Amino acid sequence: MATNCIRCLARPSLPPSFLVNASSSLRIQSLPSTASMGKRYASKLNRPTTNGPRKNEKVKGQKTLRIKKKPPPKTGKPPQPGERKAMRKRIVLSNTNALEVPGMRELDKGLVGEWEMGIRDARRQAEEGHWVLEGALGMVAKEGAKEGEAKNGEGVIGQVVALQGQTVDSLRAVEAFKTTQGWGFFRRPGLLIREESVMLSRKLIQAEQGNLRLVIDGERGTGKSLLLLHAMATAFVRGWIVINIPEAQEVTNAMNDYAPLPNTNPTLFTQPTYTATLLSRINKANPILADMEISLTHSLPIPIQSNISLSRLCELGARDPDVAWPIFQAFWAELMAEGMPPVLLSLDGLSNIMRESMYLAPDTSKVHAHDLALIDHFVNYLSGKRRLENGGAVLAAASRSHAPTSKSMELVLKQLVELQKGEEEITEKDPFEKSYDDRVEWALGVGSEKATKAGPVEVLKLKGLSKKEARGLMEYWAKSGVLRKKVDEKEVAEKWALAGNGVVAEIERGALRMRI
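Below is the structure:
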């Protein structure tokens, strides 16, 4: 007869000495047996229940100590209305820690006068056959031309020129500076003179006797907004009146009050507050308006004197948004009168106005951007439907940073660039695309009889900097104390190649902002 039970046979038995030694060195975890589990379950069932209060349980009528955590004291005052937006849009144009760059030229009447002389020399050399005028934006050397023949005003290409104090104040008033352009790195604002800068300045000088309609296009970071700023600086130096819409999305994103304009078909919508703000910027940016008096008779909602200045007229419109649009129309009529200086109309973010806006019509349909009164005014001059009577230019810069896409605008600009290059094959419309907009084609001077009389707009396609321009820019950074590297051919070639063949924003990010 077996001396061990079945339970003992299931597990091999060990001598007591081994179990004692093993328990002191190792902990052997065994599965709970059925008997032990039954004992524990029975003990729980037989446990006496108590109706008395549990530990830490509050008894009725007993007081307990409650310590509430006090909120942190508010030491600062809350931001005022508009304070955070002002901080977000704050522009720093000077850095006292940066070094003063000696020998910097200024963008003044002397430099612009050299570019004006270059226009006459270009015409003379074109007649002699040394240079051939190509399109509307420049000239190229003809075969057999004299090598090394310098053109007036082009010796400054690849250099950084400083902006005068009055020009800086005017550019700040029209909000031409952007928060992402890195002005706070340097002692004073400056602009890199590129080949496209000289070409555009010459076109502006020629536009004093005519009209220029130009769209600046290019990849992201190629300097479209900076070239538009260069055009505005040139216009201020020449004594023009500059009207700028710094961000087109602020006009179309339904963040301003609007109202239908009576007696318009199709119905136009005015934006009283934005128009009043625009009049205020125009008045601050153009001090020459204080010396000009009104010469026409206007029917305005408010009485005005017959001999007030245009500056005072803008002040009246900026003070009361309800009369801002009629005063803007009266102000524009004065600018188109005989004997007034040329006008520069500029807009940044063209794709925002080449589509439907975020505003809603009374029937809850979206309002097209061209049905906004300010945009309609700009588009009429961009398309060529109306002319600037005293000369001037209408400039628009496309945007690639968080900008909506417009199939029609992209197609038209691509076709116009191909036409300017003289290519035989022109890109056609996609027959399966349904989002083309005829109004966009009309705004760019294509697809309308009235617009084609003035011709399509000119397109300036920006690319990366040349190595000469990139070296001049990096040398300026080194002289300012911002770039602490030796600027030689190897360093310039490396930064130029890593920046996608000279994309200026990528050069700045790789040389100034990136820290490894």
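Using my numbering, read the sequence shown as starting at 4 and increasing by one per residue.
Glycine residues also receive a C-beta, built at the ideal position from the N, C-alpha and C atoms.
All values derive from a computational prediction rather than experimental measurement.
{"Check": "Our contact map puts Val-240 next to Val-115 with C-beta atoms below 8 Å; I'd like the distance itself, whole angstroms only.", "Outcome": "5 Å"}
{"Check": "So which of Lys-72, Thr-183, Arg-190 has the shortest CA-CA distance to Asn-100?", "Outcome": "Arg-190"}
{"Check": "Going by alpha carbons, who is nearest to Tyr-384 out of Gln-308, Pro-249, Ser-349, Arg-474?", "Outcome": "Ser-349"}
{"Check": "By a C-beta neighbour count over all protein chains shown, 10 Å radius and 16 as the cutoff for buried, is Glu-472 buried or exposed?", "Outcome": "buried"}
{"Check": "Quick check on this structure: which residue in Gln-274, Ser-411, Val-171, Gly-242 has the alpha carbon closest to the alpha carbon of Glu-436?", "Outcome": "Ser-411"}
{"Check": "Do the segment 274-283 and the segment 305-321 make contact, defined as three or more Cβ pairs closer than 8 Å?", "Outcome": "yes"}
{"Check": "Who are the Cβ neighbours of Lys-112 in its own chain at under 7 Å, not counting the five residues just before and after it?", "Outcome": "Val-240"}
{"Check": "Could you tell me if Gln-212 is buried or exposed, where buried requires 16 or more neighbouring beta carbons within 10 angstroms of its beta carbon?", "Outcome": "exposed"}
{"Check": "Indicate the three-state DSSP secondary structure (helix, strand or coil) for Thr-273 in the structure shown.", "Outcome": "strand"}
{"Check": "Put Leu-363 into one of helix, strand or coil per three-state DSSP.", "Outcome": "strand"}
{"Check": "For the segment 215-229 against the segment 497-508, are there 3 or more C-beta pairs whose distance is under 8 Å?", "Outcome": "yes"}
{"Check": "Below 8 Å on the Cβ atoms is my contact criterion, and I expect Ala-327 with Thr-255 to pass it. Report the Cβ-Cβ distance as a whole number of Å.", "Outcome": "That belief does not hold up - the Cβ atoms of Ala-327 and Thr-255 are roughly 18 Å apart, past 8 Å."}
{"Check": "State the CB to CB distance for the pair Asp-374 and Thr-273, rounded to an integer number of angstroms; the pair is presumed to be in contact (CB under 8 Å).", "Outcome": "With 8 Å as the limit, Asp-374 and Thr-273 do not qualify as a contact, their Cβ atoms being about 11 Å apart."}
{"Check": "In chain order, which alpha helix (DSSP H) runs of at least 4 residues are fully inside the segment 289-363?", "Outcome": "313-322, 327-338"}
{"Check": "Buried or exposed: where does Val-460 fall if 16 or more other Cβ atoms within 10 Å of its Cβ makes it buried?", "Outcome": "buried"}
{"Check": "Within 10 angstroms of its Cβ, does Met-235 collect 16 or more other Cβ (buried), or is it exposed?", "Outcome": "buried"}
{"Check": "According to DSSP, is Lys-493 part of a helix, a strand, or is it coil?", "Outcome": "helix"}
{"Check": "Could you check if Ile-520 is buried or exposed, using at least 16 other CB atoms within 10 Å of its CB as the buried criterion?", "Outcome": "Because the chain here runs from 4 to 519, residue 520 falls outside it and cannot be looked at."}
{"Check": "So, Trp-335 versus Ile-208, is the Cβ gap smaller than 8 Å?", "Outcome": "no"}
{"Check": "Any idea which residues DSSP pairs Gly-185 with across the strands?", "Outcome": "Looking at the DSSP assignment, Gly-185 forms no beta bridge with any residue, so it has no partner."}
{"Check": "Would you mind stating whether Leu-398 and Leu-231 have Cβ atoms separated by less than 8 Å?", "Outcome": "yes"}
{"Check": "With Lys-369 as the anchor, note down where its beta strand (DSSP E) starts and where it stops.", "Outcome": "369-371"}
{"Check": "Would a C-beta distance cut-off of 8 Å place Ala-288 and Val-171 closer than the cut-off?", "Outcome": "no"}
{"Check": "Output the boundary residues of the beta strand (DSSP E) element that contains Lys-464.", "Outcome": "461-465"}
{"Check": "Please list the terminal residues of the continuous alpha helix (DSSP H) segment that includes Ile-378.", "Outcome": "376-385"}
{"Check": "Excluding the 5 residues preceding and the 5 following Asn-393 in the sequence, name in chain order all residues of the same chain whose CB lies nearer than 6 Å to its CB.", "Outcome": "Met-343, Pro-345"}
{"Check": "Counting C-beta neighbours from all protein chains within 10 Å, is the total for Ile-311 16 or more, i.e. buried, or is it exposed?", "Outcome": "exposed"}
{"Check": "Roughly how many angstroms lie between the CA atoms of Arg-69 and Arg-516, to the nearest whole one?", "Outcome": "53 Å"}
{"Check": "Any idea what DSSP makes of Leu-68, helix, strand or coil?", "Outcome": "coil"}
{"Check": "Buried or exposed: Pro-304, going by 16 or more other Cβ atoms within 10 Å of its Cβ?", "Outcome": "exposed"}
{"Check": "I need the straight-line Cα distance from Leu-447 to Pro-75, nearest angstrom please.", "Outcome": "59 Å"}
{"Check": "I'd like the list of long-range same chain contacts for Leu-316, defined as Cβ closer than 8 Å, with 5 residues on each side in sequence excluded.", "Outcome": "Ile-297, Ile-307, Ile-330, Ala-333, Phe-334, Glu-337"}
{"Check": "Return the residue from the list Gly-242, Asn-268, Asn-266, Gln-252 that minimises the CA-CA distance to Pro-290.", "Outcome": "Gly-242"}
{"Check": "Is DSSP giving Ala-399 helix, strand or coil here?", "Outcome": "strand"}
{"Check": "When burial is assigned at 16 or more other CB atoms within 10 Å of the CB, is Leu-422 buried or exposed?", "Outcome": "exposed"}
{"Check": "Is the CB-CB distance between Leu-166 and Ala-238 below 8 Å?", "Outcome": "no"}
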